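Here the structure comes first, spelled out in structure tokens, and everything after it is commentary.
Right under this line is the structure:
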């Protein structure tokens, strides 16, 4: 019975979940302070943030100076009368009172050099913690996000002992934050960390079980699993393994399960989701705003599909999309609204703490490239996690190329000559000897061609001869060189980067390309040395115009939540259509099964009790036996209290409980019963004789003796 009660409790618990308000998943978004430097529609400033889109927004990044936080960019702090990005960024908290902001320190480019200074001793750790509290409070941040990549990982120049030192630093920071909150009465500062999702790095970098108690949550960087730096052509952020190989650990589901195995509770896991894609090679896909090879923002992929006529495909195993150029090569693993639904559903189904978005500025944050409104990818995540159906954008992107935006997207391959407003840079000796990208592409056509003067760079030629052809010189990322045979950038490390050895024996076709003569170059150089006042003024105004996004009027304080559809109150009655099937399967069906099991248990329990009573009741037992024995040759002696039933001749029978219960410690002779086989002939009484021995009527009682045998029931004493 207790088991059935437990099942009923589970049933009512599930029902309460079904009708309760949705769990408040966190949506943690990163804002990068260098995004404002991008041209045209790719430039993002704090004014472009949606204050209700994310529950937490992290400002990336801050640097270190003498073991203390310091701004990375000049525009982070106030410049004269112009408020800095810190102030403009945190002003959104006056619009959305529930918004929390954090400051991130570290990043890939920072490396581990500054980290070594912080963890040199416990004294330096405390100094860093105390100065951090003051810095965060001064600039009105609500917490700190640690993004050191990666402690204890040798290929990041971090010794093994940094693994333990990172744990100790986090413990010191947490203790300092706690102490400051108790002293000041303020809410404790949040402490989070961006952590690697690659198993090889996890094992070397983090003592997960010791970090869990002192961290508010962990931002899993479940992206960049693959890219131009390796030979694996799988998606850089897939939910599942590409080929279901047992040794494959570079996908989201493995990373999440592995962290849980190490002791990280699901509620502290923020699943990292990138709003960008990565190409098979560093030369692909084409980038117009970011300037980084092999890396494409979501809004750029929209333009590539619509304007560049690239083909989009869906990988049913990895649950992610790809885009590919002519002849299906090269290709890039990207994201779209559909893949965001799958990843948001994954968060809900695994009861994770929420989503971490890298980054705000790589979504279509102005809604001008993909025809899906502002922030379509992040709104999809919010719609699924928070049940705000109205926010769910359509999956289909633009059907025609947005001409104006495409013009901004496409970089100019030739300098404009309508008006000379800037000083033309003088050509170095290397530039004078090296052919231009236009020269290389005109002669060698489409492809990636190594630069003979520098193994770290190459010429990218795409669509030569077409209206939107691309010809430019690209540089590989730090520590990498351009492999002329594989046509891709390969990481080797700065200490091993020797160009002469790496490209030895390779006959570079670019070496045979002659540089086209540019008549009047020397004259131009001489002429450009002097700028007239008017030119200087024009130059200044152009620079200001180009950087106008950084000098936008500050109007955040005057804005209200009514301007943003993401700020509308969430209604418990709204159900996410994406989750409809999941809700039925995961809640209703188990609930119905529970009801059915409970009913079966109750019914069987009732039947069992009924049968048990029937089988153990002496009257019923007597009836069952008498049905098997011929009733014409035997009479049964009844107690005197029931003599009025004699003439009914075995149609009704007295209860055996009305007689004294037999004693099993005595023999048959002692009880006066005949020792006969069970179904041997029983002594009969003449029909004319109705003399019975009176037996005292015994009050029925419950006892634990063995039930009487069949012979004992029907035999009478001599």
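In this note's numbering, the protein residues as written are 690 to 1407. Where is the CB? At the ideal position from N, CA and C, for every residue including glycine. This structure is a prediction, so every number in the text was calculated from the model and none was measured.
Residue i to residue j span [Cα, whole Å]
| i | j | result |
| --- | --- | --- |
| residue 724 | residue 1286 | 58 Å |
| residue 1175 | residue 760 | 40 Å |
| residue 818 | residue 909 | 23 Å |
| residue 1079 | residue 787 | 21 Å |
| residue 1411 | residue 840 | The structure shown does not extend to residue 1411, since the chain is modelled only from 690 through 1407, so no value can be given for it. |
| residue 921 | residue 1083 | 32 Å |
| residue 957 | residue 1041 | 7 Å |
| residue 1148 | residue 1196 | 16 Å |
| residue 1107 | residue 729 | The pLDDT assigned to residue 1107 is 37, lower than 50, so where the model puts this residue is not dependable; a value taken from the coordinates is nonetheless given after this. Between residue 1107 and residue 729, the C-alpha separation is close to 20 Å. |
| residue 1036 | residue 1199 | 50 Å |
| residue 741 | residue 785 | 7 Å |
| residue 1291 | residue 1278 | 20 Å |
| residue 823 | residue 758 | 10 Å |
| residue 1191 | residue 1178 | 12 Å |
| residue 1232 | residue 1059 | Residue confidence is low: residue 1232 scores 38 on pLDDT, short of 50, so the model does not pin down where it sits. Its coordinate-derived value is still stated next. One C-alpha to the other measures close to 29 Å. |
| residue 793 | residue 1049 | 15 Å |
| residue 1139 | residue 1125 | 13 Å |
| residue 881 | residue 1012 | 34 Å |
| residue 1127 | residue 918 | 27 Å |
| residue 809 | residue 849 | 14 Å |
| residue 936 | residue 1173 | 31 Å |
| residue 1185 | residue 1014 | 34 Å |
| residue 764 | residue 869 | 29 Å |
| residue 1263 | residue 1256 | Because the pLDDT at residue 1263 is just 40, under 50, the model does not fix this residue reliably, and the point stays unresolved. |
| residue 862 | residue 814 | 8 Å |
| residue 1071 | residue 1296 | 52 Å |
| residue 1003 | residue 721 | 30 Å |
| residue 1088 | residue 1062 | 14 Å |
| residue 1276 | residue 845 | 46 Å |
| residue 1010 | residue 1000 | 10 Å |
| residue 951 | residue 1293 | 44 Å |
Beta-carbon gap between residue i and residue j smaller than 9 Å
| i | j | result |
| --- | --- | --- |
| residue 753 | residue 799 | yes |
| residue 895 | residue 963 | no |
| residue 779 | residue 829 | yes |
| residue 1202 | residue 1132 | yes |
| residue 1065 | residue 995 | no |
| residue 1020 | residue 928 | no |
| residue 988 | residue 1051 | yes |
| residue 1130 | residue 1145 | no |
| residue 961 | residue 906 | no |
| residue 859 | residue 835 | yes |
| residue 954 | residue 1039 | no |
| residue 1007 | residue 923 | yes |
| residue 762 | residue 795 | no |
| residue 1024 | residue 965 | yes |
| residue 777 | residue 1181 | no |
Pick from the options that is closest to residue i, judged by C-alpha positions
| i | options | result |
| --- | --- | --- |
| residue 1069 | 1034, 1141, 1288, 757 | 1034 |
| residue 853 | 804, 880, 833 | 804 |
| residue 827 | 775, 1279, 722 | 775 |
| residue 1134 | 1126, 1150, 1142 | 1150 |
| residue 1086 | 1057, 1075, 1067 | 1057 |
| residue 716 | 739, 735, 727, 722 | 739 |
| residue 984 | 796, 916, 810 | 916 |
| residue 898 | 948, 992, 871 | 948 |
| residue 1030 | 992, 1073, 812, 1038 | 1073 |
| residue 1067 | 1141, 990, 1027, 1095 | 1027 |
| residue 737 | 781, 766, 745 | 781 |
Beta-bridge partners of residue i, as assigned by DSSP
| i | result |
| --- | --- |
| residue 752 | 759 |
| residue 986 | 965 |
| residue 1149 | 1137, 1161 |
| residue 794 | 751, 835 |
| residue 872 | For residue 872, which the question treats as bridged, DSSP gives no partner whatsoever. |
| residue 1001 | 1012 |
| residue 718 | 746, 1046 |
| residue 880 | 833 |
| residue 1171 | 1178 |
| residue 1021 | 968, 1012 |
| residue 771 | 768 |
Residue i: CB within 8 Å of a non-hydrogen atom of the ligand COA
| i | result |
| --- | --- |
| residue 1135 | Looking at this structure, you won't find the ligand COA or any other ligand, since it has none at all. |
CB contact check: residue i to chain D, cutoff 9 Å
| i | result |
| --- | --- |
| residue 714 | The structure shown has no chain D; it contains just one protein chain. |
Notebook entry, point to check: Whole beta strand (DSSP E) runs in the stretch 907-961 with 3 or more residues, listed along the chain?
Noted result: none
Next item on the list: Scan the stretch 1031-1072 and note each continuous beta strand (DSSP E) run of 3 residues or more that stays entirely inside, going in chain order.
Entry: 1043-1047
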